[in-house]
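For reference, the structure discussed in these notes is given below.
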Amino acid sequence: MKNDSVYGHNEMTYSMNKEWGVLNSGQTPVNDCHEMVQDVKGRILLLTNETKNNVIIYNKSGKLIETWGTEFPGAHGLTIQNAGKEDFLFITDTVKHQVYKTTIDGKILFTIDAPDEIPAYEKMEAFVPTETAVLENGEFYIADGYGAQHILHYDEKGKLLNSFGGRGEGDEFFDNAHGICIDYRTSIPTLIITDRTRNAFKRFSLDGKLMEIIHLPGACVCRPVIKGDYLYAAVLRSPSLSEADSGFVTILNKENKVVSNLGGSEPVYNKGQLNPLFQTEKIFRNPHDVCVDDEGSVYVAQWASGKVYPYKFTKA
827 MKNDSVYGHN EMTYSMNKEW GVLNSGQTPV NDCHEMVQDV KGRILLLTNE TKNNVIIYNK
887 SGKLIETWGT EFPGAHGLTI QNAGKEDFLF ITDTVKHQVY KTTIDGKILF TIDAPDEIPA
947 YEKMEAFVPT ETAVLENGEF YIADGYGAQH ILHYDEKGKL LNSFGGRGEG DEFFDNAHGI
1007 CIDYRTSIPT LIITDRTRNA FKRFSLDGKL MEIIHLPGAC VCRPVIKGDY LYAAVLRSPS
1067 LSEADSGFVT ILNKENKVVS NLGGSEPVYN KGQLNPLFQT EKIFRNPHDV CVDDEGSVYV
1127 AQWASGKVYP YKFTKA
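Here my numbering is used: position 22 in the sequence shown is 848, and no number is missing along the way.
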């Protein structure tokens, strides 16, 4: 069923299709729908912590193509590495305390365990990775968003090169470093990293130097997703509301200004400061990730939302 209502603001408005991707839950179930990406073939991949089928692959119309994966009970982060004609995936598992690089059809190429050379990770349980980001040369970063809060930089073969962040009160530290991405919108690539509890994204150099804080009052943001000039993010909830199911989707322009909120308040700036954001329409419960496809449509995966399949939003 396509919803006739239009959501969002300014140049980024969308119509919603809640029936996109709905499958037979007895045959192809989901638990938490955590993250989504699009591969080089144009397919949409969904990661769920349902071990009957951790990865569900759709076409853009929402038709099931195939599924795979039974070994990721804590499947959380899904990042795609576009490597020419072949794609690879990075999957984080918060239950097994590991990160995996796989082929697009699920063959595990290598596994990253807790980096015990760092004192914070003497115990495996301290490593609870939530997200990865991959550079064009194959080097990658892991955000330990549910663990000791370090950002870990590895070479393309999985050797630890550097670490920064960690839990702490200063601006260079994190409290729920839930997501990470590479920002290629400027001449020198940088990292944008979520500090979810503090309602912010933080920009770092690739070697871990803090460059900028993007404050998003009222928005417990999940991972940043960049497509074209815009940054998209699911907002799990708003701390200004006592109700748990208070999420929405936010969209920022290249200048890091919020231009649209799907299901959320209109963005208003006073003297350069963003007014606190909040949910205005109950179209989501706990949105956890967005995927923006090659046509500009936005897919939203939700956590703890009654095992719903993703929603699709098409430009209005």
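Here a beta-carbon is modelled for each residue, glycine too, at the ideal position from N, C-alpha and C.
Remember, it's a predicted structure, so these values are computed and weren't measured experimentally.
Asked: Would you kindly check if the distance between the Cβ of glycine 1005 and the Cβ of glutamate 982 is under 9 Å?; Found: no
Asked: Using only CA atoms, which one of Thr905, Asn1082, Lys933 and Lys878 lies nearest to leucine 915?; Found: Thr905
Asked: Just mark valine 1116 as buried or exposed, buried being the case when its beta carbon has 16 or more other beta carbons within 10 Å.; Found: buried
Asked: DSSP has aspartate 858 in a bridge; who is on the other side?; Found: Paired residue(s): none; aspartate 858 is not in a bridge.
Asked: In whole angstroms, give me the CA-to-CA distance for serine 841 and glutamate 1092.; Found: 17 Å
Asked: Tell me the residue span of the beta strand (DSSP E) that contains phenylalanine 1139.; Found: 1137 to 1141
Asked: Skipping 5 residues on each side, what residues in its chain have a beta carbon closer than 6 Å to that of tryptophan 1129?; Found: Asp858, Asn1112 and His1114
Asked: Closest to proline 945 by C-alpha separation, out of Ser989, Thr929 and Asp1009, would be which residue?; Found: Ser989
Asked: State the DSSP-derived secondary structure class of tyrosine 840, mapped to helix, strand or coil.; Found: strand
Asked: Look at the alpha carbon of phenylalanine 898 and the alpha carbon of lysine 933, and state the distance between them as a whole number of angstroms.; Found: 13 Å
Asked: Sorted by chain position, which residues of the same chain lie with C-beta nearer than 6 Å to aspartate 830's C-beta, five sequence neighbours on each side aside?; Found: none
Asked: Just list the residues that DSSP pairs aspartate 1033 with in beta bridges.; Found: BP columns for aspartate 1033 are empty, so no partner.
Asked: Check each candidate in Lys889, Tyr833 and Phe1030 and name the one with the smallest Cα separation from leucine 978.; Found: Phe1030
Asked: Can you pull the DSSP bridge partners for asparagine 1096?; Found: Gln1099
Asked: Do threonine 1023 and aspartate 968 come within 9 Å of each other at the CB atom, strictly closer than that value?; Found: Checking the displayed sequence, the identity of residue 968 turns out to be isoleucine instead of aspartate. No, these two residues do not count as a Cβ contact at 9 Å.
Asked: Report all residues from its chain with a CB closer than 6 Å to the CB of histidine 902; omit the five preceding and five following residues, and keep chain order.; Found: His860, Thr918, Thr920 and Thr956
Asked: For threonine 986, which beta-bridge partners are listed by DSSP?; Found: Looking at the sequence provided, one finds leucine at residue 986 rather than threonine. For leucine 986, which the question treats as bridged, DSSP gives the partners Tyr980.
Asked: Can you give the Cα-Cα distance for threonine 1076 and alanine 1059, rounded to whole angstroms?; Found: 5 Å
Asked: From what residue to what residue does the beta strand (DSSP E) around glutamate 892 run?; Found: 890 to 894
Asked: Kindly indicate the opening and closing residues of the beta strand (DSSP E) around phenylalanine 953.; Found: Per DSSP, phenylalanine 953 belongs to no beta strand (DSSP E) and is neither H nor E.
Asked: Using 8 Å for Cβ pairs, my map puts alanine 1045 next to leucine 1103. What's the rounded Cβ distance?; Found: 5 Å
Asked: Excluding five sequence neighbours on each side, which residues of the same chain lie with their C-beta closer than 7 Å to the C-beta of aspartate 942?; Found: Glu948
Asked: Run through DSSP, which three-state label would threonine 937 get?; Found: strand
Asked: By the 10 Å Cβ neighbour count, where 16 or more other Cβ atoms means buried, how is tyrosine 1095 classified, buried or exposed?; Found: exposed
Asked: Spell out the partners DSSP gives proline 1113 in its beta bridges.; Found: Gln1128
Asked: Please name the residue, chosen from Thr1012, Asn843, Ala1070 and Asp970, that lies closest to isoleucine 938 on a Cα-to-Cα basis.; Found: Asp970
Asked: Name the DSSP beta bridge partners of isoleucine 1018, please?; Found: Cys1007 and Arg1029
Asked: For a test of the three-state rule: what should DSSP assign to alanine 974, helix, strand or coil?; Found: coil
Asked: Is it true that the CB of proline 1050 sits closer than 9 Å to the CB of threonine 1012?; Found: no
Asked: Quick one: Cα of lysine 985 to Cα of alanine 1142, how far?; Found: 45 Å
Asked: Checking 9 Å against the spacing of the C-beta atoms, do glutamine 853 and valine 1118 come in under that value?; Found: no
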